[in-house]
Amino acid sequence: MTALQQRFGRCTLSLLWLITALVSVATAQDIGLVILQQGGVADALAPWLLYGGSIVDALLGLWLLLPWAQRLCFQIQLITIAVYSVLLSVIAPEFWWHPFAPVVKNLPIMVLIWILMPGKSIS
């Protein structure tokens, strides 16, 4: 993979994380709160988790634009997506069959993250 392709991949992932952070609190807040309530999260705690998740997403998006600790950034992205996917699968498994496939899309995103991760060996 060329340096330009790697840069483009990182910038694309950064945009994904940053837009997700923004949408989560700006336009889809009600959806996020309903999902958290379905998962048994207390009403008082749900907004904290929603904003906390949005902050994590924004930080990952910004971190991708910085040159330091990129391997760790990619590892944290994989863990974050895995946790989000498992939780959503348990709380609202219908999102696997949703017409926009929000959980299914996590699989190719995780593959892209793995491909772009620096310092891995490919067998």
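Per our numbering, residue 13 is the first one in the sequence shown, and the count goes up by one each step.
C-beta atoms are modelled at their ideal positions from N, C-alpha and C, and glycine is treated no differently.
Runs of alpha helix (DSSP H) with 4 or more residues, each lying fully within the segment 31-75, are found at 41-50 and 58-75, listed in chain order. Three or more beta-carbon pairs separated by less than 8 Å link the segment 125-134 to the segment 13-25, which places the two stretches in contact. When rounded, the separation of the alpha-carbon atoms in ALA70 and LEU27 is 9 Å. Contact check for ILE47 against ILE91 fails: the beta carbons are separated by 9 Å or more.
Between GLY65 and TRP29, the CB-CB gap reaches or exceeds 9 Å.
When Cβ pairs closer than 8 Å are counted between the two stretches, the segment 48-62 is seen not to touch the segment 105-120, the count staying below three.
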